[in-house]
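Quick note: the sequence shown uses this note's numbering, first residue 1, plus one each step.
Glycine included, each C-beta is placed from N, C-alpha and C at the ideal position.
These figures come from a predicted structure and were not determined experimentally.
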Amino acid sequence: MNATLDALHADLLDLRDALDGEDYGNAGDVLALHDRRMRQYIDTVGLQAPMQALRDLLRMQHLLHEDPRVVPRPHGLSS
C-alpha cells in the first residue's frame with residue numbers, strides 16, 4: 001500500500017466513481033483503503049505534511065460527502 005498524496009486523491013476519485021455507479025460494496029472497500037492510506041501517510045509524514053495539500057484532500061472529502069458529482073479531477077489524475 002503506497003500512501004502518497006496522489007494515491008489519496010486517486011482514492012477519492014475512485015470513491016466518487018463507485019458512488020456514481022451505485023457500487024456501494026466497492027465504495028466501502030475504497031473508503032477503507034483510503035482510511036488506511038491516510039493514517040499511514042500521517043504516521044509517515046507527520047508534522048512535515050504539506051498543510052495545503054491536506055486541506056485540499058479535506059475539501060475533496062467534504063465535496064464528495066455533499067455531492068460526488070462535483071468533486072473535481074486534479075490535473076494529471078484519472079480514474
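**Study point:** CA-to-CA distance, MET60 to ASP6, given in whole angstroms
**Key:** For the purposes of this step, residue 6 is taken as the residue at position 6 of the sequence shown. For the purposes of this step, residue 60 is taken as the residue at position 60 of the sequence shown. Distance between the alpha carbons of ASP6 and MET60: 13 Å.
Practice item. Report, in whole angstroms, the separation of the C-beta atoms of VAL30 and ASP20, which I expect to be a contact under 8 Å. Key: Mapped onto the sequence shown, residue 30 falls at position 30. Mapped onto the sequence shown, residue 20 falls at position 20. So it is not a contact: roughly 12 Å between Cβ atoms.
Practice item. Return the chain-ordered list of same chain residues with a C-beta closer than 8 Å to the C-beta of ILE42, the five sequence neighbours on each side being excluded. Key: Locating residue 42 in the sequence shown gives position 42, counting from the first residue. For ILE42, where only same-chain residues beyond five positions count, the Cβ hits under 8 Å are ALA49.
Check your understanding: Roughly how many angstroms separate the alpha carbons of ALA3 and GLU66, rounded to a whole number?
Key -> The residue given as residue 3 occupies position 3 in the sequence shown. The residue given as residue 66 occupies position 66 in the sequence shown. Whole-angstrom Cα-Cα distance: 25 Å.
Check your understanding: What's the call for LEU47, buried or exposed, on a 16-neighbour Cβ count within 10 Å?
Key -> Mapped onto the sequence shown, residue 47 falls at position 47. Under this definition LEU47 is an exposed residue.
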